[in-house]
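In the numbering used here, the protein residues as written are 681 to 1086.
Virtual Cβ for every residue (Gly too), placed ideally from N, Cα, C.
None of these values were measured; they are calculated from a predicted model.
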Ligand code: GCU
Ligand code: CA
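Structure below.
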């Protein structure tokens, strides 16, 4: 890739200033008192048991269906946590269903608190739509509700972790994927993972004979994460995959590019070492991903390569070295390549790119600005492998904006 070859130093900006992609809004907590309209209480608003907030609490009638209802406003549809402050001075729990916008979303039970003056908060997680939502507590036993003081609604992602799946070199794909009974293959974990999952790889080498395909998507608030467990060294080795290397002048079919091949959105790959693949990580038309603390080395094409419509990807603290492409006489394999396609908001921070056969970083025909900060490239473009007819370029940072002719 010889055209538009420029050499540049560390910490530079390709094109114009790029705005850092907005992260999820800060979570906000809003209190809704039971005695303040539009809240409703099928009973009375009382103030005879101390410790409540505001001017009173809802003393529901002691009857099935004697409900309390709150109207809450949330900025963005999703999941909110609801803290329900209540007191139950009896000796038995009071069950209720939780009804959001007319649909029952879960059952809960308000346990005894020891006295009517002993208030406690129970935390629930419920789905909501954008704007106003009714959240109704509907007692399902003749005792009715406990006394209800208020609810507090926190928007944004719930504080607790999403689901986790563990993978270990000595695991078994028939296992449930727990820490004590891990899966065997990364692909199995990927296939099982809903949005929000964190896939944790135990230390060791994973060397499947076909590449790992990330074709499903997370969401902005619920990305799917693949990371090493607890600082352990997890290696994905592509040597058993096809095209390692491809023959001279051979081409690699796009789905087979990358020991890890991404076409879904909102993935986070953290703390993994990806080696000897037909490309290390290859992303095609993929956005909203985080590539953090990856090592991509000794692959048979570029270490980390994003192609096509690519926006809002973050490459953080990448080490990419020793990548080479015998199939193209060393002229294609870069440490980091975002060199064909377009899309805003891509950011590279803290990359170290060395001893690759072509360039350290290559933005050749990428048409949009990419922000690069605090990154280094050295020692690229030397024939360290005895590749015949060697034609690696050896740019540190090759700037982009070339023809859109691919
Ligand atoms: C008592 C208590 C009330 C409470 C009621 C109940 O009457 O004073 O505040 O609501 O018990 O059992 O629901
Ligand atoms: Ca009551």
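Exclusion of the five residues before and after residue 727 leaves 736 as the residues of its chain whose Cβ lies within less than 6 angstroms of its Cβ.
By the 16-neighbour rule on beta-carbons within 10 angstroms, residue 977 is buried.
C-alpha of residue 801 to C-alpha of residue 761: approximately 12 angstroms in a straight line. In the three-state reduction of the DSSP assignment, residue 775 falls in the strand class.
Closer than 7 angstroms to some heavy atom of ligand 1: that describes the Cβ of residue 742.
With fewer than 16 other beta carbons inside 10 angstroms of its own, residue 757 counts as exposed. DSSP places residue 867 in the uninterrupted alpha helix (DSSP H) bounded by 866 to 872.
In this structure, DSSP gives residue 1020 an extended state, which the three-state scheme calls strand.
DSSP, read as helix, strand or coil, puts residue 1006 in helix.
DSSP places residue 1068 outside both helix and strand once states are collapsed to three, so it counts as coil.
Within the same chain, and ignoring the five residues on either side of residue 890 in sequence, the residues whose Cβ sits closer than 7 angstroms to its Cβ are 921. Taking 8 angstroms as the upper bound for CB-CB distance, residue 826 and residue 774 are in contact here, some 5 angstroms apart. For residue 977, the enclosing beta strand (DSSP E) stretches over residues 975 to 977. For residue 732, no pairing in a beta bridge is given by DSSP. Distance from the CA of residue 940 to the CA of residue 1000, rounded to the nearest whole angstrom, comes to 15 angstroms.
Cβ contact annotation for residue 962 (same chain, cutoff 6 angstroms, sequence separation greater than five): 937, 938, 941 and 985, in chain order.
Taken through DSSP and simplified to helix, strand or coil, residue 882 comes out as coil.
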